[in-house]
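S.K.: In my numbering, the protein residues as written are 7 to 319. All residues carry an ideal CB built from backbone N, CA and C; glycine is no exception. Dropping a structure here in structure tokens format, bear with me for questions.
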Amino acid sequence: MAATILDGTKIANDIRGEVAAGVKTMVAAGVRPGLAAVLVGSNHASEIYVRGKVKACEELGIYSEQHTPPESATTEDLLVLVDDLNGRDDIDGILVQLPLPPQVDAKKVLMAVDPAKDVDGFHPINVGFLSTQRLGLVPCTPAGVIEILKRSNIPTAGQEAVVVGRSDIVGKPAAMLLLNSNATVTVCHSKTRDLPATCRRADILLAAIGRAGMITRDFVKPGATVIDVGINKITDPAEFKRLFAGNARRAQIFRSKGSTLVGDVHPNVAEVAGAITPVPGGVGPLTIAMLMFNTVKAAKMRRGSGVVELSQI
Ligand code: GUN
């Protein structure tokens with residue numbers, strides 16, 4: 007039986023609606039949440055992401071502003087900017103889009119963001135809050151993965167979850183969130199012995215590696231839930247054929263654009279998985295939705311609200 011397709015676009019739209027309602031209530035009470043996005047230099051993908059984030063703010067009633075230091079910006083320049091944003095009462099969230107240019111000490115810049123405004127959840131204080139199950143700001147993409155599972159009624163407690171990839175942005179926080187929701191969690195990486203066999207243990211398999219179609223059907227236990235965090239642009243016709251042979255709709259996109267997007271999961275995994283997130287339209291849309299939620303959460307927490315969950319705004 008073909009896998010259930012987990013519609014990330016719909017889930018993200020539901021969340022955006024809930025956040026917009028929360029913003030409306032706050033604005034009625036005299037507070038408009040505000041987000042500052044910092045985009046350094048000219049990275050095409052980053053420009054697209056930041057544009058999407060600013061547009062989402064406009065749609066949801068959140069104040070936003072963009073700062074665009076040049077490619078030549080130094081660590082010190084960014085520290086001055088972040089310090090200024092930290093001190094502003096109208097800014098609740100600060101987002102420094104990654105990657106930063108090589109001359110910049112990214113860790114130092116991220117460390118300078120006030121943890122209370124760290125809507126990406128990258129500051130070590132928020133990492134610590136997550137790992138000790140305290141209320142804090144949680145990285146957007148992993149938080150979105152949990153929302154997909156919750157809203158699709160896919161249980162995590164007692165389930166075997168295998169996370170492939172150990173990045174600070176996705177793999178590690180996703181593993182921590184799954185652990186906090188009582189899954190039994192394995193984290194795999196480039197040195198893992200017999201990756202396919204380890205992945206086949208998973209009831210929930212999360213791929214966050216950044217390699218087009220690397221997870222093939224022999225990595226997947228029949229009926230497993232597969233969450234694909236990868237977004238890879240492919241332009242090589244041989245690679246296209248390996249991934250999409252026989253897919254007329256994709257072939258047409260590939261011919262007309264010269265490229266197409268594919269996740270870390272091979273499309274043929276849909277033939278064995280029980281449920282799967284598509285690319286595009288799976289995890290991707292959740293990242294911005296959860297950033298919007300984090301901005302509202304930060305705005306509320308900074309003003310002394312207690313527990314702030316998505317279900318409570
Ligand atoms: N670059 C890729 N993903 C992200 C993200 O979630 N946040 C930021 N700030 N930069 C990114």
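Identify every run of the alpha helix (DSSP H) within the stretch 58-113, keeping only runs that are complete inside it and at least 4 residues long; order them along the chain.
M.R.: With a minimum length of 4 residues, the continuous alpha helix (DSSP H) runs that stay inside the stretch 58-113 are 81-92.
S.K.: Measuring only the C-alpha atoms, how far is G47 from L292?
M.R.: If you number the sequence shown from 1, residue 47 lands on position 41. If you number the sequence shown from 1, residue 292 lands on position 286. C-alpha separation (whole angstroms): 25 angstroms.
S.K.: From the beta carbon of M7, is the nearest beta carbon of chain D less than 9 angstroms away?
M.R.: Any reference to chain D falls outside this structure, which holds one protein chain only.
S.K.: Any heavy atom of the ligand GUN closer than 8 angstroms to the CB of P145?
M.R.: What you label residue 145 is simply residue 139 of the sequence shown in a count that begins at 1. Checking every heavy atom of the ligand GUN against the Cβ of P145, one is found closer than 8 angstroms.
S.K.: To which residues does DSSP link A42 through a beta bridge?
M.R.: Working through the sequence shown from its first residue, we reach residue 42 at position 36. According to DSSP, which records beta bridges pairwise, A42 is partnered with E71 and I100.
S.K.: Smallest Cα separation from V86: which of K61, V115, R309 and M182?
M.R.: In the sequence shown, the residue the question calls residue 86 occupies position 80. Comparing Cα-Cα distances from V86 to each of K61, V115, R309 and M182, the minimum goes to V115.
S.K.: Contact check, E166 vs D209 under 8 angstroms by CB: the rounded distance?
M.R.: Along the sequence shown, read from residue 1 onward, the residue named residue 166 stands at position 160. Along the sequence shown, read from residue 1 onward, the residue named residue 209 stands at position 203. 5 angstroms between Cβ atoms; contact.
S.K.: Output the distance between the C-alpha atoms of V169 and V176, rounded to the nearest integer angstrom.
M.R.: If you number the sequence shown from 1, residue 169 lands on position 163. If you number the sequence shown from 1, residue 176 lands on position 170. Distance between the alpha carbons of V169 and V176 is about 9 angstroms.
S.K.: Going by C-alpha distance, which of V232, F250 and S78 is nearest G14?
M.R.: Start at 1 with the first residue of the sequence shown, and residue 14 comes out as number 8. Of V232, F250 and S78, the residue nearest in Cα terms is V232.
S.K.: Quick one: what's got a C-beta closer than 6 angstroms to H195's C-beta in the same chain, skipping five residues either side?
M.R.: Position 189 of the sequence shown, counted from the start, is the residue given in the question as residue 195. Excluding residues within five positions, the ones whose Cβ falls inside 6 angstroms are R172.
S.K.: Here's a check: name, in chain order, each residue in its chain whose Cβ is nearer than 6 angstroms to the Cβ of D111, leaving out the five neighbours to either side.
M.R.: The residue you call residue 111 lines up with position 105 of the sequence shown. Cβ within range, chain order: T81.
S.K.: What residues match up with D234 in a beta bridge as DSSP calls it?
M.R.: For the purposes of this step, residue 234 is taken as residue 228 along the sequence shown, with counting starting at 1. Partner(s): A213.
S.K.: Helix or strand or just coil, what does DSSP make of V56?
M.R.: Position 50 of the sequence shown holds residue 56. Of the three classes helix, strand and coil, the one that applies to V56 here is helix, per DSSP.
S.K.: Closer than 8 angstroms to a non-hydrogen atom of the ligand GUN - does that hold for the CB of P105?
M.R.: As a first step, residue 105 must be located in the sequence shown, where it is residue number 99. For the ligand GUN, at least one heavy atom lies less than 8 angstroms from the Cβ of P105.
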